Every structure is written in structure tokens, then in C-alpha cells.
Amino acid sequence: MATAKVHQIQVSDMMCNGCEDTIQHELRHADGVTRVSANHIEGTVEIEGDDRLDLPKLVDTINDLGFTAT
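In C-alpha cells:
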């Protein structure tokens, strides 16, 4: 059984709940992701997932949506 790990990505340019929803919707379906929580006030996205989770790919996905993730 894979162990769940929690990662936090810093994201600038999130201005509202709609931005959070956009990011959460896109990342929720990525391989290995079990939970996503975006917070535009703190500028963070917290992602929980198993060993299949590809963090650099998720950062790229956020950037492709027009945000700046690091």
C-alpha cells in the first residue's frame, strides 16, 4: 500500500475562489493525487497523494493555467 504524502506549492496570482476552483479541478484528476486544497489568501496549494504523484508536472500544470507556481 502506498503512503500518502503532503506537498505544498507556493502560487502567486490567485485572486479569488474561482482561481482556487480552477486549480483544484485540474489537479484533482492527476495521477496519484488524493486531495487538493488551494488557498488564494495564503497563496498556497496543498496536495496530498501517493508515490505516483509527479510534483514537477503539477507545478507545470498550475503554470499552464496562467498562475505562477514554485
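Here full-length UniProt numbering is used: the first residue of the sequence shown is 1, the next is one more, and so on. For each residue, glycine too, the CB sits at the ideal point set by N, CA and C. As the structure is a computational prediction, the values presented were derived from the model and not from experiment.
From this set, His40, His29, Ala4, which residue's C-alpha is nearest Asp13's C-alpha?
Nearest Cα to Asp13 within the set His40, His29, Ala4: His40.
According to DSSP, is Glu26 part of a helix, a strand, or is it coil?
Note: Glu26 maps to helix in three-state DSSP.
Does DSSP put Glu20 in a helix, a strand or coil?
Glu20: helix per DSSP, three-state reduction.
Cutting at 6 Å between CB atoms, please list the residues of its own chain near Ser37, excluding the five before and the five after it.
Its chain contains Glu46 as the residues whose beta carbon lies nearer than 6 Å to that of Ser37, once the 5 sequence neighbours on both sides are disregarded; these appear in chain order.
Whole-angstrom Cβ separation of Thr68 and Val6, contact assumed at under 8 Å?
A Cβ-Cβ distance of about 21 Å is found for the pair Thr68 and Val6, leaving them out of contact under the 8 Å criterion.
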